[in-house]
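Residues in the sequence shown are numbered consecutively from 681, following this note's numbering. Ideal Cβ positions, reconstructed from N, Cα and C, are used throughout, including at glycine. All remarks here apply to the structure that follows.
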Amino acid sequence: MVDIVLDHATVVEHDKSQLHPLHHPKQHINPLVVDRAEGVWLHTTDNRTVLDGMAGLWNVNIGYGNQELPDVAAAQMRKVAFTSNFVGMTTPPAAELAHRMAGMAHPTLNTTFFASGGSESNDSAFKTARYYWYRLGKKDKFKIISRQAAYHGITVAATAATGIPRYHTMFGPLAPGFSHIPAPNPYRYAGDMHPGETVGQAAARAL
681 MVDIVLDHAT VVEHDKSQLH PLHHPKQHIN PLVVDRAEGV WLHTTDNRTV LDGMAGLWNV
741 NIGYGNQELP DVAAAQMRKV AFTSNFVGMT TPPAAELAHR MAGMAHPTLN TTFFASGGSE
801 SNDSAFKTAR YYWYRLGKKD KFKIISRQAA YHGITVAATA ATGIPRYHTM FGPLAPGFSH
861 IPAPNPYRYA GDMHPGETVG QAAARAL
């Protein structure tokens, strides 16, 4: 393994070749360059220490610097770095993880579909729901309903499910079959309410 050692200014200059999501290139002046991390802390190349309050993209569940993960990952990659799970192919770790997860969930939730990230997971869920009703002969049950202000990912389908208008403006037309209803936030409900109606009742009516 070769460590890439670059000073902060060089990294900033080289990073101009990278396109960052949710970020305009004109604003890319002094990026946060993370060199290492431990626990909940990110350490940058310009000697700053930053609290990672978002846990990466909500996926660093056990914090940074846990030594068990890289050791296990390296050992597995030396044996089998990648194989497809299409057409029934599997590996012992994948089969064991699916089996363990089945034992932790409700008895009727006993099968796992592995995906590479949140957007792909949501797309797969949309397709699974539609396929379920298709197989039951109810082809008209295809709508995906999500909440306004909700974020669901960056793929075409996940963007359509996302209830944030600024995510839609530049990428239309959106995939059909997606609708948005107000989120049931008592302190800032965005839908209409009838006299004497609770937020929950109004949200249910919108649904």
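Residue of the options minimising C-alpha distance to residue i
i	options	result
THR832	PHE806, TYR814 and MET769	Checking the displayed sequence, the identity of residue 832 turns out to be His instead of Thr. Considering only alpha carbons, the answer is PHE806.
PRO853	ALA775, ILE844, ILE861 and ALA840	ALA840
ALA809	HIS704, HIS860, PRO772 and ILE825	ILE825
PHE793	SER764, ASN865 and ALA838	SER764
MET850	SER859, ALA863 and VAL836	VAL836
TYR867	PRO875, SER859 and VAL879	VAL879
HIS874	PRO864, ARG885 and ILE742	ARG885
VAL691	ASN710, LEU789 and ALA855	ASN710
SER801	HIS779, PRO773 and ILE834	ILE834
Contacting residues, own chain, Cβ-Cβ under 7 Å from residue i (five flanking each side not counted)
i	result
THR724	LEU712, VAL713, VAL714, ASP715 and VAL730
TYR744	ALA717, GLU718 and GLY719
GLY857	PHE822, LYS823 and ILE824
ALA754	none
GLU752	The amino acid occupying residue 752 in the given sequence is Val; Glu does not appear at that position. Same-chain partners within the cutoff: there are none.
PRO864	VAL879, GLY880 and ALA883
MET781	THR792
HIS688	VAL713, THR725 and ASP726
Buried versus exposed call for residue i [16 or more other C-beta atoms within 10 Å across all chains shown]
i	result
ASN727	exposed
ALA830	exposed
ASN739	exposed
ASP695	exposed
THR842	buried
SER796	exposed
LEU722	buried
ARG815	exposed
SER697	exposed
ALA838	buried
SER799	buried
ASP820	exposed
Boundaries (first-last residue) of the alpha helix (DSSP H) holding residue i
i	result
THR729	It is not in any alpha helix (DSSP H) - THR729 instead sits in the beta strand (DSSP E) that spans 729-731.
ALA883	879-886
GLU779	A small correction: the amino acid at residue 779 is His; Glu does not occupy that position in the sequence shown. That run of the alpha helix (DSSP H) goes 772-784.
ARG810	798-815
ALA837	836-841
ALA735	735-738
In DSSP terms, what residue i is bridged to
i	result
ASN724	The amino acid occupying residue 724 in the given sequence is Thr; Asn does not appear at that position. In DSSP, THR724 forms a bridge with VAL714.
ILE684	Answer is none; ILE684 lacks a bridge partner.
SER826	HIS860
GLY719	TYR744
Opening and closing residue of the beta strand (DSSP E) in which residue i lies
i	result
HIS860	858-861
Spatial neighbours of residue i in its chain, beta-carbon cut-off 8 Å, leaving aside the 5 residues before and after
i	result
ASP872	ALA882
LEU887	ILE825 and ILE861
VAL760	THR771
Any chain B beta carbon closer than 9 Å to residue i
i	result
GLN756	Absent from the structure is chain B; it holds one protein chain and no more.
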